[in-house]
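**Student:** In the numbering used here, the protein residues as written are 1 to 455. Glycine residues also receive a C-beta, built at the ideal position from the N, C-alpha and C atoms. Let me begin by handing over the structure; questions about it come next.
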């Protein structure tokens, strides 16, 4: 069957992100013998009209649209993406009568409401690689699902987790324009219960690991065939408590792979010998979801660690000379004027790290924050979360918090509030060909290196 698969993401902040989920669906469709045209508005660099012309020329029987984000989840600089995607759906309607199937992480947060907002026909809520094949098989038989939203009955077993389609032409764009970085996933799922997070809803609480050999084969291919210069492990948390991440590191060592890489970490202990192994594979930077800035606010966010763990993790990575960026949130449950003052002191004390500071928490469905927001009257009965709503502790005033953070944090050159200010600088450096997440340049850990054009 002829199918068009569209990555609808248009945001490049803080850098363009390879559409991993859409590429996994692409790989599954191709493996099943379908003819897939992959359209990526960022990578293709053409107008919507030109993209629609390509779609019309493919004459598809199905159009799949992947929605990665519905907004930027930033209270300081709100950006919502659904209107632009709805306009894209309307444009698709003008060039084909094929049904439009929507999926992706962003879509799966509120599938019924988003499907209605976009004006598409069907949606897959959850993992898509198997569900899309079942949908296409029904379509080939002239059948349609009994409901507009398809929900897989269970999360995929480990052997069934699909590989990404790293043969897509758009990979070149992300190598050249995204700081040399391409994302690779080693596992799905998150066993933690952070109050604001949607990962357990989207991926489940049980960790499901890909075969480490398959993961490293992806890395080898990206380096050898696609010119990847910097690897980004996109797992919700790389250093899982089961130690699955070590298997990937060990496989990289066994195959003598060394490439600069970054991942998202929780600030819990990692043995020094494991840190050394990671460094031997090229580990170049760590992004840390510290979130809370005091023990009280960490408990309010249901984080599985204390503030002392944050400082200990920072000290360990300092010993191994790994640059660190922490992400902090002020204003969450349990935040008071006293915890704000103490939290600012804590954040400033981490002077050897880059720190990105956010205020307020985007309320998402099926999270603890949603329950708190409804209990405290922030949300009206039946109020939709499609339009962004941000939770701020009722014990503080938002204006006071934002003004105080600007006053206290702005003198620190490694502390960024709001983070969007630094994102603009990252984009400019990437346009000039520098590699990596780039915040680590501020720490002086390595000189900037240019990407050589593959053209």
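(1) Pairs of beta-carbons, one from the segment 295 to 310 and one from the segment 336 to 353, closer than 8 Å: are there three or more?
(2) Which same chain residues end up closer than 8 Å to residue 155 when comparing Cβ atoms and leaving out the 5 residues on each side of it in sequence?
(3) Under the three-state reduction of DSSP, which class applies to residue 53: helix, strand or coil?
(4) Relative to the C-alpha of residue 201, which residue among 442, 108 and 382 is closest?
(5) Taking residue 254 as part of the alpha helix (DSSP H), name the residues at either end of that continuous run.
(6) Count the other CB atoms, across all protein chains shown, that sit within 10 Å of the CB of residue 370; report buried if there are 16 or more and exposed otherwise.
(7) What separation, rounded to the nearest whole angstrom, lies between the Cα atoms of residue 272 and residue 164?
(8) What did DSSP end up calling residue 385 once you bin it into helix, strand or coil?
(9) Residues in the same chain with beta-carbon distance under 7 Å from residue 211, minus the five sequence neighbours each way, listed in chain order, please.
(10) Taking the alpha carbon of residue 318 as the reference point, which residue from 38, 285 and 358 has its own alpha carbon closest?
(11) Taking all protein chains shown into account, decide if residue 177 is buried (16 or more other Cβ within 10 angstroms of its Cβ) or exposed.
(12) My output table needs one value for residue 266: the three-state DSSP class, helix, strand or coil.
(13) Per DSSP, what kind of secondary structure is residue 22 in: helix, strand or coil?
(14) Which whole-angstrom value is the C-beta distance of residue 115 and residue 74, which I expect to be below 8 Å?
(15) Keeping to the same chain, check which residues put their C-beta closer than 8 Å to that of residue 455; ignore five residues upstream and five downstream.
(16) So does the segment 229 to 237 actually touch the segment 392 to 405, counting three or more Cβ pairs closer than 8 Å?
(17) Rounded to whole angstroms, what's the CA-CA distance from residue 83 to residue 119? Just pull it up for me.
(18) Quick one: measure Cβ to Cβ for residue 36 and residue 5, integer angstroms, because I've assumed they're closer than 8 Å.
(19) For the beta strand (DSSP E) that residue 339 lies in, which residues bound it at each end?
(20) Output the distance between the C-alpha atoms of residue 161 and residue 50, rounded to the nearest integer angstrom.
(21) Could you give the first and the last residue of the continuous alpha helix (DSSP H) run that contains residue 399?
(22) Just the Cα atoms here: how many angstroms apart are residue 343 and residue 325?
(23) What's the C-alpha gap between residue 171 and residue 374?
(24) Can you list, in chain order, the stretches of the beta strand (DSSP E) that have 3 or more residues and sit fully within the segment 62 to 138?
(25) Give me the residue from 308, 311 and 329 with the minimum Cα distance to residue 301.
(26) For residue 423 and residue 409, what's the separation of their Cα atoms in angstroms?
(27) Taking just the CA atoms, how far does residue 56 sit from residue 1?
(28) Please list, in chain order, all residues of the same chain as residue 80 whose beta carbon is under 6 Å from its beta carbon, the five residues on each side excluded.
(29) If you follow the alpha helix (DSSP H) that residue 309 is in, where does it begin and where does it stop?
(30) DSSP on residue 3, reduced to helix/strand/coil?
(31) Is it buried or exposed for residue 453, if we count other Cβ within 10 angstroms and need 16 for buried?
(32) Which residues mark the beginning and the end of the alpha helix (DSSP H) in which residue 43 is found?
(33) For residue 199, which residues of its own chain have a beta-carbon under 6 Å away from its beta-carbon, when the five flanking residues on both sides are left out?
(34) Please classify residue 349 as buried or exposed, where buried requires at least 16 other C-beta atoms within 10 Å of its C-beta.
(35) Taking all protein chains shown into account, do 16 or more other C-beta atoms lie within 10 angstroms of the C-beta of residue 229, making it buried, or fewer, making it exposed?
(36) Find the nearest neighbour of residue 267 within the set 376, 253 and 310, judged by alpha-carbon distance.
**Tutor:** The structure says:
(1) Touching, per the Cβ criterion.
(2) 126, 127, 188, 189, 203, 204, 206 and 208
(3) helix
(4) Measuring from the Cα of residue 201, the nearest candidate turns out to be 108.
(5) 244 to 254
(6) Residue 370 should be labelled buried.
(7) About 32 Å.
(8) coil
(9) Answer for residue 211: no residue qualifies.
(10) Relative to the Cα of residue 318, the nearest Cα in the group 38, 285 and 358 belongs to 285.
(11) buried
(12) coil
(13) helix
(14) So it is not a contact: roughly 25 Å between Cβ atoms.
(15) Annotation note: pLDDT 42 at residue 455 (below 50); position unreliable, no value reported.
(16) no
(17) 11 Å
(18) 6 Å
(19) Where residue 339 is concerned, there is no enclosing beta strand (DSSP E), although the alpha helix (DSSP H) it sits in stretches over 337 to 349.
(20) Cα to Cα, the separation comes out at about 34 Å.
(21) 398 to 409
(22) Their Cα atoms are separated by approximately 16 Å.
(23) 42 Å
(24) 62 to 66, 100 to 103 and 122 to 124
(25) 329
(26) 17 Å
(27) 15 Å
(28) 71
(29) 307 to 319
(30) strand
(31) Its pLDDT being 47, under 50, residue 453 is placed unreliably in this model, and the value from its coordinates should be taken loosely. The residue is exposed, with fewer than 16 neighbouring Cβ atoms inside 10 Å.
(32) 41 to 44
(33) 190 and 236
(34) exposed
(35) buried
(36) In this structure, 310 is the residue among 376, 253 and 310 with its C-alpha nearest to the C-alpha of residue 267.
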